[in-house]
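Enquirer: Below is the structure I would like to discuss, written out as structure tokens.
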Amino acid sequence: MQLIPVFLLISCCCFGQIETPEINSIQRKIDALEQSKEILKTELEAAKLNWIQHQIKKIGVPSSDNIEEVINHLAFSLSYNEEHEQANWVMHVILPAISDGNATRSNDFREDPLVTTGTSLEQDYFLKEKKPDGKYKYDGFGYDRGHLAPSADFRWSEQALSESYFYSNMSPQIGDFNRYKWAELENWMREYVTKNNTSLVILTAPILSDDLDKIERGINKVSIPKYFVKAALDIENNRGIGFILPHEKIERPLEYFAVSIDSVESTMGYDLFSNLTDSLENKIEAETPYLEWLPESQKDDIMAISLKSLPKGAVNTQRVNGIMNDGRKHIVCGNVVSTKKHKKGHVFINLDKKFPNQVFSLSIFESNIKNFDYEPEIYLINKQVCFKGEIGEYGNTPNMILEHSKQIKLLEEY
Numbered sequence: 051m052q053l054i055p056v057f058l059l060i061s062c063c064c065f066g067q068i069e070t071p072e073i074n075s076i077q078r079k080i081d082a083l084e085q086s087k088e089i090l091k092t093e094l095e096a097a098k099l100n101w102i103q104h105q106i107k108k109i110g111v112p113s114s115d116n117i118e119e120v121i122n123h124l125a126f127s128l129s130y131n132e133e134h135e136q137a138n139w140v141m142h143v144i145l146p147a148i149s150d151g152n153a154t155r156s157n158d159f160r161e162d163p164l165v166t167t168g169t170s171l172e173q174d175y176f177l178k179e180k181k182p183d184g185k186y187k188y189d190g191f192g193y194d195r196g197h198l199a200p201s202a203d204f205r206w207s208e209q210a211l212s213e214s215y216f217y218s219n220m221s222p223q224i225g226d227f228n229r230y231k232w233a234e235l236e237n238w239m240r241e242y243v244t245k246n247n248t249s250l251v252i253l254t255a256p257i258l259s260d261d262l263d264k265i266e267r268g269i270n271k272v273s274i275p276k277y278f279v280k281a282a283l284d285i286e287n288n289r290g291i292g293f294i295l296p297h298e299k300i301e302r303p304l305e306y307f308a309v310s311i312d313s314v315e316s317t318m319g320y321d322l323f324s325n326l327t328d329s330l331e332n333k334i335e336a337e338t339p340y341l342e343w344l345p346e347s348q349k350d351d352i353m354a355i356s357l358k359s360l361p362k363g364a365v366n367t368q369r370v371n372g373i374m375n376d377g378r379k380h381i382v383c384g385n386v387v388s389t390k391k392h393k394k395g396h397v398f399i400n401l402d403k404k405f406p407n408q409v410f411s412l413s414i415f416e417s418n419i420k421n422f423d424y425e426p427e428i429y430l431i432n433k434q435v436c437f438k439g440e441i442g443e444y445g446n447t448p449n450m451i452l453e454h455s456k457q458i459k460l461l462e463e464y
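Residues in the sequence shown are numbered consecutively from 51, following the working numbering.
Following this line, the structure appears as structure tokens:
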């Protein structure tokens, strides 16, 4: 009887032992494969970084009459302007690898060791003081450290992403610009790459001039640009586009700032992609095919009707923000891109842009449907229409309430 507990203990120990020569052999093979996988991933990243530098050299960095030192990092190149303490331009490449990249913001802002004259630094944007509890008290100067080559474009490489936090890649940007329209433009570029499974060569720059204000509280007195530009080149599909954005809070849709690459070159005073053949350069750089660059969610959106095409006194959807809530009746004309009839009988109409990017909406409440001898949600869709009434606001979007069909007239009827 005394042997039973000992036998049970030995049996339990033997039963719990899962290591055998066969199991250990398989595990060693798995470990070796994982190690090989990590080595291959490192080699793949290095190959991609080498390819990026090859592409930049092949296409050609911006050239001008000025003599500039070109600084090459792992995934981007730049020319630094010591007078303004920021880059003249930054060129990088967005790869399709961003779709499955998982590197996150490193926030390791630091000076660029390759800029021999020194770059801007943290104290050019804010001061911080460590409090007794270990936390920091920040005293900001009113500007974000705005990336020229955005860190999210490098989320497939921790090395490249970290280098995007060099101060040579920063320009001072107000928050209402950096966090909204500028960020939206950056997202446009990434979505284009993912949607088309192609790479993009991107040129980003502040427009620098002698009359710019400075961040006076900063150590290096960094210049505050009035405009920023971005140009994108899709070599595989022979496409290119440029954008010139005022450095301010922007309400208008991005496509209204789309220009040809030629226009960006004229604004900057550079030949942007200097090694392109003349025939390819002439084809790509003169075009402004903004529809090909719209995100999927905006593919059915339409540019506002030109003011020259509208009846006297009428405005398009880009002019309504300045006349909201003034108590007067206005004529607003646009393209009816979407309509919806609510289950309670209300009808909602969007001009030029669909939800959630709507720029002007109209509401017909169920109680007023009797004043229409047609179904507005069906009759008006895909037509150019003018509406007359007071312009209010609904959900931060300019809105007009329609009570009668007399407030509506097709543009072709004027």
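We put the CB at the ideal spot given by N, CA and C, even for glycine.
With the cut-off set at 9 angstroms, would you say Phe-204 and Val-251 are in Cβ contact?
Expert: no
Enquirer: If you measure from the beta carbon of Tyr-424 to each beta carbon in chain C, is any gap under 9 angstroms?
Expert: Any reference to chain C falls outside this structure, which holds one protein chain only.
Enquirer: Less than 6 angstroms between C-beta atoms, sequence neighbours within five positions excluded: which residues of the same chain meet that for Lys-178?
Expert: Within the same chain, Lys-178 has close Cβ partners Tyr-186, Tyr-188.
Enquirer: Suppose you measure from the CA of Asn-247 to the CA of Pro-146; what does that come to, to the nearest Å?
Expert: 6 angstroms
Enquirer: Using CA atoms only, rank isn't needed, just tell me which of Met-239, Arg-302, Ser-221 is closest to Ala-281.
Expert: Met-239
Enquirer: Is the segment 160-175 touching the segment 101-115, taking contact as three or more C-beta pairs under 8 angstroms?
Expert: With fewer than three CB-CB distances shorter than 8 angstroms, the segment 160-175 does not count as touching the segment 101-115.
Enquirer: Helix, strand or coil for Ala-202, going by three-state DSSP, please let me know.
Expert: helix
Enquirer: Beta carbon of Met-109, beta carbon of Tyr-193: below 9 angstroms?
Expert: The amino acid occupying residue 109 in the given sequence is Ile; Met does not appear at that position. Cβ distance not < 9 angstroms, so Ile-109 and Tyr-193 don't count as in contact.
Enquirer: Could you tell me the alpha carbon to alpha carbon distance between Ala-233 and Glu-298, rounded to whole angstroms?
Expert: 13 angstroms
Enquirer: Are there three or more Cβ pairs, one per stretch, closer than 8 angstroms when the segment 338-353 is compared with the segment 118-137?
Expert: no
Enquirer: Alpha carbon to alpha carbon, how far is Glu-342 from Asp-423? Give it in angstroms, no decimals.
Expert: 39 angstroms
Enquirer: Compute the beta-carbon to beta-carbon distance between Ile-431 and Thr-389, rounded to the nearest angstrom, for a pair I have assumed lies under 8 angstroms.
Expert: Confirmed, about 5 angstroms.
Enquirer: Here's the rule I'm using: 16 or more other beta-carbon atoms within 10 Å means buried, otherwise exposed. How should Pro-163 be labelled?
Expert: exposed
Enquirer: Would you mind listing the alpha helix (DSSP H) stretches within the segment 323-405 that are 4+ residues and don't spill past its ends, in chain order?
Expert: Complete alpha helix (DSSP H) runs here, min 4: 328-335.
Enquirer: Please confirm if the segment 92-110 is in contact with the segment 319-333, defined as three or more CB-CB distances below 8 angstroms between the two stretches.
Expert: Segment contact: the segment 92-110 against the segment 319-333, three or more CB-CB distances shorter than 8 angstroms; contact assigned.
Enquirer: Is it buried or exposed, Lys-231, if we count other Cβ atoms within 10 angstroms and call 16 or more buried?
Expert: Counting Cβ neighbours within 10 Å, Lys-231 comes out buried, since at least 16 surround it.
Enquirer: Kindly indicate which three-state DSSP category Arg-160 falls into: helix, strand or coil?
Expert: strand
Enquirer: Please determine if the segment 405-415 and the segment 444-452 are in contact, where contact requires at least 3 C-beta pairs separated by less than 8 angstroms.
Expert: yes
Enquirer: Count the other C-beta atoms from every protein chain shown that fall within 10 angstroms of the C-beta of Leu-101, then say buried if there are 16 or more, exposed otherwise.
Expert: The amino acid at residue 101 is misidentified as Leu; the sequence shows Trp. Burial call: exposed.
Enquirer: Could you name each continuous alpha helix (DSSP H) segment of 4 residues or more that falls completely within the segment 221-262, going from the start of the chain to the end?
Expert: Note on the segment 221-262: whole alpha helix (DSSP H) runs with a minimum of 4 residues are 232-246, in chain order.
Enquirer: Nearest-angstrom Cα distance between Val-165 and Ser-86?
Expert: Going from the Cα of Val-165 to the Cα of Ser-86 covers about 37 angstroms.
Enquirer: Which whole-angstrom value is the C-beta distance of Gly-290 and Ile-334, which I expect to be below 8 angstroms?
Expert: Correct: roughly 4 angstroms between the Cβ atoms.
Enquirer: Check whether the Cβ atoms of Val-382 and Ile-399 lie closer than 9 angstroms to each other.
Expert: no
Enquirer: Could you name the residues that DSSP lists as bridge partners for Thr-70?
Expert: DSSP output for Thr-70 lists no bridge partner at all.
Enquirer: Report yes if the C-beta of Ser-75 is less than 8 angstroms from at least one heavy atom of the ligand NAD; otherwise report no.
Expert: This structure lacks the ligand NAD; in fact it carries no ligand of any kind.
Enquirer: Could you compute how far the alpha carbon of Arg-160 sits from the alpha carbon of Gly-168?
Expert: 11 angstroms
Enquirer: Work out the CA separation of Val-140 and Ser-75 for me, nearest whole Å.
Expert: 51 angstroms
Enquirer: Assign Glu-84 to one of two classes, buried (16 or more other C-beta atoms within 10 Å of its C-beta) or exposed (fewer than that).
Expert: Its Cβ having fewer than 16 others within 10 Å, Glu-84 is exposed.
Enquirer: Taking C-beta to C-beta, are Ser-313 and Ile-300 nearer than 9 angstroms?
Expert: no
Enquirer: Secondary structure at Glu-84, three-state DSSP: helix, strand or coil?
Expert: helix
Enquirer: Where does Leu-283 fall in DSSP's three states?
Expert: strand
Enquirer: Given this structure, state the Cα-to-Cα distance separating Phe-405 from Asp-350, to the nearest angstrom.
Expert: Distance between the alpha carbons of Phe-405 and Asp-350: 11 angstroms.
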